[in-house]
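Below is one structure, written out as structure tokens; comments come after it.
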Amino acid sequence: MPSEAGLYMVPGWKHYHPILYVCRAVQTTTYEVVNGSYVPIAQNQQGKELKDKSSAKLDTVGAFQKLPMVMPSVDILHSALRKTKRILPTKGIANIAKRERNRGAKQLDALMKELVVPLRMYLEDFPKKKCLHPYERSLIELTLGDGNYEGVLGKVDALRKKVILVGKEHASFCAKSLSKREAEERLIVGMKRIEEVFNQEAKSIDDLLHIAKTLRAMPVVDLETPTLCLVGAPNVGKSSLVRTLSTGKPEVTDTPGLLKRCDEDRNNLEKLTLAVLSHLPTAILYVHDLSGECGISPSDQM
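Numbering-wise (full-length UniProt numbering), the sequence shown opens with residue 1 and increments by one.
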């Protein structure tokens with residue numbers, strides 16, 4: 001049977017034993033790495049380099065907490081319909097037919113815009129997965145499933161484009177009405193058609209709302225706070241070591257651990273543990289009980 005290894009993460013760890021402390025170099029783009037020369041350079045040149053460096057977009061954590069509040073699809077539709085009915089024809093149009101077709105075209109155009117503007121804002125405010133920190137990309141894949149995040153955003157964008165197409169088509173059609181009655185009929189048909197198109201794919205908006213709620217609930221990681229991971233088999237003394245060496249009351253998270261098996265066979269909790277170790281600036285301390293009293297032989301602990 002494969003042995004299970006526990007993992008403790010201790011953010012804010014301040015003191016380490018010089019012999020037991022083992023740090024694996026895990027570097028993220030948030031931390032600056034000196035690749036150039038240490039020879040002093042001119043002040044203006046140095047300022048220019050710092051400006052260029054600050055203007056470059058760095059991958060950092062915290063994107064989930066900046067996600068927009070997504071309205072339910074039914075609320076977006078009801079709000080759009082309510083605002084659309086308030087649209088009046090342009091003042092100064094004396095001809096009844098012209099005034100009615102002007103009102104119809106304006107209302108159809110307004111309904112289209114009231115539906116697509118929130119969707120456009122969501123698409124702009126939800127970051128592309130490739131721009132996220134590797135740790136947050138792992139969280140998306142493990143929490144939502146591979147490809148679901150991009151898939152939902154793609155459906156929302158497709159809905160936006162379809163509403164624009166149908167809305168412009170019916171607004172133009174209504175604007176060409178020859179009589180008051182024809183303009184009124186085309187307005188009713190256009191409103192129903194836009195509402196129908198929106199409702200056909202409205203589920204994608206509700207899926208996006210669920211994604212936003214799920215991701216905002218994800219734990220926040222501070223890359224500037226030193227993090228120490230205690231790795232070892234069960235009952236080797238990880239908790240005792242934390243209580244003995246810690247100078248305060250660190251936050252300790254006991255993860256389910258890892259089994260000795262292929263990466264393809266690991267569950268999501270194991271993959272999350274590996275994501276933390278791979279993508280966060282973490283020092284790793286391996287804990288062993290060489291006495292064998294923990295129930296696992298020293299050879300099996302390695």
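Virtual Cβ for every residue (Gly too), placed ideally from N, Cα, C.
Judged by their CB atoms, I87 and L115 are not nearer to each other than the 8 Å cut-off.
By the criterion of at least three beta-carbon pairs nearer than 8 Å, the stretch 85-102 is not in contact with the stretch 224-241. Comparing alpha carbon positions, the residue from G92, D289, I188, V220 closest to L111 is I188. Counting C-beta pairs closer than 8 Å gives three or more between the stretch 152-165 and the stretch 203-210, which meets the contact rule. The stretch 134-147 makes contact with the stretch 211-226: 3 or more CB pairs, one atom from each, lie closer than 8 Å. The C-alpha of R193 is placed about 56 Å away from the C-alpha of T227. Taken through DSSP and simplified to helix, strand or coil, A175 comes out as helix.
Counting the other Cβ atoms within 10 Å of the Cβ of S297 gives fewer than 16, which makes it exposed. Distances from the alpha-carbon of E141 to those of D300, E293, G62, T214 put T214 closest. Inclusion of P72 and A212 in the CB contact set at 8 Å is not warranted, their separation being larger than that value. In the three-state reduction of the DSSP assignment, G232 falls in the strand class, which pools E and B.
Straight-line spacing of the CA atoms in P281 and K130 works out to 20 Å.
Taking 8 Å as the cut-off, the beta carbon of C229 is found closer than this to the beta carbon of L277. With fewer than 16 other Cβ atoms inside 10 Å of its own Cβ, L165 counts as exposed. Sequence-distant Cβ neighbours of L123 in its own chain, meaning closer than 8 Å and more than five residues away, are L153, V156, D157, R160.
For I284, there is no enclosing alpha helix (DSSP H); the residue is found in the beta strand (DSSP E) stretching over 282-286. Straight across, the Cα-Cα distance linking C174 with G190 is about 8 Å. Contact annotation: V231 and Y286 have beta-carbon atoms nearer than 8 Å. With 16 or more neighbouring CB atoms inside 10 Å of its own CB, H170 falls in the buried class. The three-state reading of DSSP puts T60 in coil, since its state is none of H, G, I, E or B.
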